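J.: All residue numbers for the sequence shown refer to the working numbering, where the first residue is -10 and numbers rise by one. To start, I am sharing the structure in question, which I have written as structure tokens.
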Amino acid sequence: MVVAQDVVGAVQNAVALGAQTRHEYLNTLRTLFLHHSVPARLKQLADELALAMPANQSRAVSVVLAPGDDLNAAALIDALAIQSWKPHEVIVSSADVPSPRALDELTAMGVKVLTIDGSTWSDLARATDAHWVAVWSSAAGENHWHENTLLDRLVVGEATGSDGVGAGGVLCVLDSSRRISGPVLLKRTSILEVSSVDLDQWHNAGRRFFGVEDAQ
-10 MVVAQDVVGA
0 VQNAVALGAQ
10 TRHEYLNTLR
20 TLFLHHSVPA
30 RLKQLADELA
40 LAMPANQSRA
50 VSVVLAPGDD
60 LNAAALIDAL
70 AIQSWKPHEV
80 IVSSADVPSP
90 RALDELTAMG
100 VKVLTIDGST
110 WSDLARATDA
120 HWVAVWSSAA
130 GENHWHENTL
140 LDRLVVGEAT
150 GSDGVGAGGV
160 LCVLDSSRRI
170 SGPVLLKRTS
180 ILEVSSVDLD
190 QWHNAGRRFF
200 GVEDAQ
């Protein structure tokens, strides 16, 4: 049972420690997201009661291969294998997959692979019901994923309500002076009706982006 004295002591300790750095704040957000948020608490309760819960699509991340990308299957598999937050699925266009079995290792890891006939951003977005899509690109600087790449972007995206989260600084708003860069997590709805993803144009169209530093 929490008593007033405990609360007072906790507040006093927090004040004595001073303001958190942005890295410390990100770690705090991770902890809240994973252990103390409503979805996390509901899952804990369901696990304790041995109840099956439907997947929480608001926290589901589908990884999509950028249309027309020259897929480096080995690099994609390696990047997803280390993720602390496992992707809901991987969606690729059949036109961009060199071999039907190129991504069999992902299936063996328990990650569903969906190959579609469409080849546009809109086609990819319509193939999933996940709230978020993470863009995989073989372009230089876009495919260096560390173990918390998906987790940190999801944490920041949920906390800020932004349209996308990418590299560009620790917990900072990205605008015309600080551009978003990859790896990028985007709301699925943001690419439902687009023919191309031009982040520079999106900056000027009122979309909100946040940056998170790629450091574990």
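For each residue, glycine too, the CB sits at the ideal point set by N, CA and C. Model, not experiment: these values are computed from the prediction.
(1) Can you grab the Cα-Cα spacing for the pair alanine 35 / proline 43, in whole Å?
(2) Using only the alpha-carbon positions, how far apart do threonine 104 and valine 52 sit?
(3) Distance, Cα to Cα, threonine 117 vs arginine 177?
(4) DSSP state of alanine 84, grouped into three classes?
(5) Starting from alanine 51, trace the beta strand (DSSP E) both ways and give me its first and last residue.
(6) Just tell me which of Gly107, His12, Val201 and Gly57 has its CA closest to the CA of leucine 181.
(7) Bridge partners for lysine 101 per DSSP, in chain order?
(8) I'd like to know whether the C-beta of tryptophan 121 is nearer than 7 Å to at least one C-beta of chain D.
(9) In angstroms with no decimal places, state the Cα-to-Cα distance between isoleucine 71 and glutamate 136.
(10) Are there 16 or more other CB atoms within 10 angstroms of the CB of alanine 91, so buried, or fewer, so exposed?
(11) Can you grab the Cα-Cα spacing for the pair glutamate 13 / valine 122, in whole Å?
(12) Which of the three DSSP states is assigned to valine 201 in this structure?
(13) Please name the residue, chosen from Val86, Ala39, Val186 and Leu174, that lies closest to valine 144 on a Cα-to-Cα basis.
(14) Are the CB atoms of tryptophan 217 and proline 172 nearer to each other than 7 Å?
(15) Taking serine 73 as the reference, which of Ser127, Gly153, Val154 and Asp141 has the closest Cα?
(16) Tell me the DSSP secondary structure of valine 173 in three-state form.
(17) Mind checking whether valine 124 and alanine 55 have CB atoms under 7 Å apart?
T.: For this structure:
(1) 11 Å
(2) 12 Å
(3) 8 Å
(4) helix
(5) The sequence as given places serine at residue 51; alanine does not occur at that position. Unbroken beta strand (DSSP E) run through serine 51: 50 to 54.
(6) Gly107
(7) Glu78
(8) Absence of chain D from the displayed structure is noted, only one protein chain being present.
(9) Glutamate 136 has its alpha-carbon roughly 5 Å from the corresponding atom of isoleucine 71.
(10) buried
(11) 26 Å
(12) coil
(13) Leu174
(14) This structure cannot speak to residue 217, because the chain is shown only from -10 to 205.
(15) When C-alpha distances from serine 73 are compared across Ser127, Gly153, Val154 and Asp141, the shortest belongs to Asp141.
(16) strand
(17) yes
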